[in-house]
Ligand code: CDP
């Protein structure tokens, strides 16, 4: 039996490197990697593609209650880390579009949407051996997670990282527009009434400005292994 933490929660603002860290950490520990942002993005994409206006809270909540979101190992070698399906349709790349990016924070602030998705996330977390990533994992979804990491970075550094990702995908977008969109999302995510972005009291805060992904990974592995030496 492993005495590593059963569940690891990683929270932090947009583009702080959470997903990359969580993916690598999960590989290292042979845990499931689960990115909860995918679910909020999927609901946003479906609502947009059905022509639902973003201020239709009821309709969007209904979408979140009905849709079946599935995350599976990658079936294509096109740079994806996993496949995302909504009611069987592959929406892996659609959920990364700028219009999803621009609207996801509005959708994720709706209490009914959060309730529906949090339930699903908790069910996955209960199984253990999972690294779960999001904004409210350590505070709301899995408050009993044995290791909580809050990964932060300056907004300028995060915008630079997101810009490089967009360029690699061949999108034409400016660094300034990414910076502005990130600031807007940060503001909505941290000031919303339900489950706002914040570090849990017992989270370890890592600032990744000036740290490579290897550096952050090393720190996190050390934190996970250190749990072994804690008294029961
Ligand atoms: O990858 P990035 O950090 O840009 O975003 P994400 O993790 O895919 O999350 C997209 C959006 O979903 C966030 O800006 C939040 O508004 C919302 N979200 C949330 O509210 N709670 C979570 N547990 C995960 C994401």
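Numbering (my numbering), first residue to last: 14 to 245.
Backbone N, C-alpha and C fix where the C-beta goes; we use that ideal spot for every residue, glycine too.
On a predicted model such as this, the values are computed, not experimentally measured, just so you know.
Identity of the residue in the options nearest residue i by Cα
i	options	result
residue 103	48, 139, 89	89
residue 201	116, 29, 91	116
residue 137	47, 233, 43, 151	47
residue 219	234, 139, 143	234
residue 182	93, 45, 167, 60	93
residue 67	133, 199, 91, 118	118
Heavy atom of the ligand CDP within 6 Å of residue i beta-carbon
i	result
residue 202	yes
residue 121	yes
residue 49	yes
residue 147	yes
residue 77	no
residue 216	no
Close-in-space but distant-in-sequence residues of the same chain around residue i (CB under 7 Å, 5 per side omitted)
i	result
residue 141	19, 20
Sub-7 Å separation of residue i and residue j beta-carbons
i	j	result
residue 149	residue 208	yes
residue 62	residue 126	no
residue 27	residue 195	yes
residue 31	residue 146	yes
residue 226	residue 33	yes
residue 174	residue 154	no
residue 105	residue 113	no
residue 80	residue 59	yes
Chain-order list of residues whose beta-carbon lies under 6 Å from that of residue i (same chain, five-residue window excluded)
i	result
residue 176	188, 191
residue 212	163, 218
As an exercise, report each continuous beta strand (DSSP E) stretch of at least 3 residues that is fully enclosed by the region 59 to 90, in chain order. Runs of the beta strand (DSSP E) lying entirely within the region 59 to 90, each at least 3 residues long, are 82 to 85 in chain order.
Tell me the start and end of each unbroken beta strand (DSSP E) in the region 160 to 184 that is at least 3 residues and wholly inside, in chain order. Counting only runs of at least 3 residues, the region 160 to 184 fully encloses the following beta strand (DSSP E) elements, listed from N- to C-terminal order: 160 to 165.
If you scan the region 85 to 139 from start to end, which runs of the alpha helix (DSSP H) of 4 or more residues do you find wholly inside it? If we require 4 residues or more, the alpha helix (DSSP H) runs fully inside the region 85 to 139 come out as 111 to 121, 124 to 139.
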